[in-house]
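One structure is given below, encoded as structure tokens.
Chains as they are written, first to last, in the working numbering: chain A, 1 to 345; chain P, 1001 to 1296.
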């Protein structure tokens, strides 16, 4: 245990605690051990709080997901006792199987929550892919503009923060108003579409609202990535005769990639848990039921079944995060830890 | 675009003018883009404010500036006669946001100090856990907590709204503060000690003033994220404890099946204006806090 701690590199800028002159060699050892103990004292409270508010509920949800929901089965009208259910809840969602009065299972009737798992998964991924792609492209454009030097740049950066600061619930109501039947969107485009009333337009409205609200976040993350590229690199490339397009693909893209991947990871995980916009704008109607909406709708019909669904959702999001970090190089943890090679302050 | 095709001809005749033209063209393109972004970001917000001041009879008027000016919508927003509790909800959100922010900072500052300044085992693991926690889907904890709070009769209580919020605010504060603390010139603490400060003095006179902006920025971010929360609040609250986001989402009008848009926009304006003012004042700091840790 303690041997590992001593192997860690010791920071040169030592805190005053360790300033006591000690014999060389021994000081490094003791410094690392004290640091470890200090660190534990400081970190443990936060970890305990997180364990209570996150780890405990998650474990609880997993345990619940293997229990039957007691109560009257809505499909059969029979009373179902609680107790260990095995993977029945998972089968219910993944295979979309509902109980029958005979005791067996059949495919859930259309319209019931049980029949919506795969469509909700599809909707969730559809929203995630479309919004993240749009936000990346638009965010990149905004970031490139914001990185330029011109008068009014700081006004632009402030303006970009406005949609970000508006609560999603307010954003949803605002866009519902804009997309209302008599609303400004129909007037401007000269259309008479019931935006939140049918599949395509409802999804379109939600996507627009989401893109409006979260592109600024994406743009600011990309901008931060752009700003660490030294101007000399571009100068050198210009001297060498690289075209604007070449400079973009050969310099900007590769250098901004780490920041871009982290931004995409953040947004993708955020988009996969989308709840507020569909819940408020359409109530999940017309092909806008995401997994989060489905979980919340299920809660009042049975905790344990909802727990199974939320566990599935959690696993899906975890897998996506894993793919990002493992295969696409979106290493948020690594980029937040100082690099070994002499970090400048 | 066109500058590429006209380059050779112009270059031979008047290279200087061509270069100047190109620079002017580039800068006007920048301005056009900037104006487009500006309009895209602010127009919906502007429309909300305009509607908030419009007489309810002219809800769908399309005049791009305020017409039929009235304060009535704000009165309606705060009126409780239709079963809305907007005023109470404002206080609830303020209270919940403050408590969550204080708790998040209290635990976050210490953890972030250790993560930024000390070397210890499992540091990578702890950072990974915190980061994972910050991206955690809210639905994964809403079910078990809903059952737990139902069983112990906490549904509709403030603690039922505060505790889940800590789950996403605390990782946020730890993560943001860690990035900030890592950038701080800690050598100054050392220098102060050499200059004869006691450790307490070095902390109070050197470190605290340096760390205060970082802590303050993090507090703003934490408060905003708690203020904006909807999923958990919509499930765990009742009429007395509902937050502003829930109040706005379920705002009822006098006519059934007819959304009281002008009143909702007025309520939205009240919720948003303080945030927008805060964002405009602390723009630089907020941007630094948002992007802290994402790059470097």
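We treat Cβ as the ideally placed atom computed from N, Cα and C, and that holds for glycine.
Annotation note: the segment 1117-1145 of chain P contains the following uninterrupted alpha helix (DSSP H) runs of length 4 or greater, listed N- to C-terminal: 1123-1134.
Under the three-state reduction of DSSP, residue 1228 (chain P) is assigned to coil, being neither helix nor strand.
A residue is called buried when at least 16 other Cβ atoms come within 10 angstroms of its Cβ; residue 1195 (chain P) does not meet this threshold and is exposed. Membership of residue 297 (chain A) in the alpha helix (DSSP H) is indicated by the continuous run 291-299. The closest CA to that of residue 1156 (chain P), considering only P:1029, P:1129, P:1233, P:1030, is found on P:1233.
When beta bridges are read from the DSSP output, residue 98 (chain A) appears opposite A:106. Between the alpha carbons of residue 182 (chain A) and residue 201 (chain A) lies a distance of about 15 Å.
Sorting P:1166, P:1125, P:1041, P:1268 by C-alpha distance to the C-alpha of residue 1087 (chain P) places P:1268 at the top. Counting along the chain, the unbroken alpha helix (DSSP H) around residue 201 (chain A) starts and ends at 199-227.
Contact annotation, residue 1218 (chain P) with residue 1173 (chain P): C-beta distance approximately 5 Å; criterion of less than 8 Å satisfied.
Nearest to residue 271 (chain A) by C-alpha distance, out of A:299, A:56, A:121, is A:121.
Residues of chain P with a Cβ closer than 8 Å to the Cβ of residue 217 (chain A) are, in chain order, 1290. Residue contact check for residue 35 (chain A) against chain P: a CB pair falls below 7 Å.
For residue 1283 (chain P), at least one C-beta of chain A is nearer than 7 Å to its own C-beta. Per the coordinates, the alpha-carbon of residue 248 (chain A) lies some 48 Å from the alpha-carbon of residue 298 (chain A). Residues of the same chain with a CB within less than 8 Å of the CB of residue 1220 (chain P), apart from the 5 flanking positions on each side, are 1278, 1282, 1285, 1286, 1289 in chain order. Between the segment 216-234 of chain A and the segment 259-275 of chain A, the count of Cβ pairs shorter than 8 Å is three or higher; the stretches touch. Scanning its chain for C-beta atoms nearer than 7 Å, with the 5 sequence neighbours on each side dropped, one finds around residue 1186 (chain P) the residues 1117, in chain order.
Burial is judged here by how many other beta carbons sit within 10 angstroms of a residue's own beta carbon; residue 1208 (chain P) has fewer than 16 and is exposed.
Around the Cβ of residue 46 (chain A), a 10 Å sphere holds 16 or more other Cβ atoms; the residue is buried.
According to the DSSP assignment, residue 1190 (chain P) belongs to the alpha helix (DSSP H) that extends over 1187-1194. According to the DSSP assignment, residue 1184 (chain P) belongs to no alpha helix (DSSP H), since it is labelled neither H nor E. The C-beta of residue 1082 (chain P) has fewer than 16 other C-beta atoms within 10 Å across all chains shown, which makes the residue exposed. For the segment 1124-1145 of chain P, the beta-carbon criterion of a distance under 8 Å to any beta-carbon of chain A is satisfied by 1124, 1126, 1127, 1128, 1129, 1130, 1131, 1132, 1133, 1135, 1136, 1137, 1138, 1139, 1140, 1141, 1142, 1143, 1144, 1145. Judged by their CB atoms, residue 215 (chain A) and residue 282 (chain A) are not nearer to each other than the 7 Å cut-off.
Following the DSSP letters along the chain, one finds residue 184 (chain A) inside the alpha helix (DSSP H) bounded by residues 184-189. Against chain P, the beta carbon of residue 267 (chain A) has no neighbour under 7 Å; the closest one sits roughly 10 Å away.
Contact annotation, residue 1214 (chain P) with residue 1180 (chain P): C-beta distance approximately 4 Å; criterion of less than 8 Å satisfied. The beta-bridge partner set that DSSP reports for residue 116 (chain A) is empty. For the pair residue 1146 (chain P) and residue 225 (chain A), the Cα-to-Cα distance works out to about 40 Å. Collapsing the DSSP output to three states places residue 1199 (chain P) in a helix. Comparing alpha carbon positions, the residue from A:210, A:106, A:303, A:87 closest to residue 1041 (chain P) is A:210.
Annotation for residue 108 (chain A): 96, 98, 114, 115 place their beta carbon closer than 6 Å to its own, counting only its chain and skipping 5 residues before and after.
Inter-residue distance for residue 302 (chain A) and residue 69 (chain A) is about 6 Å (C-alpha atoms, whole angstroms).
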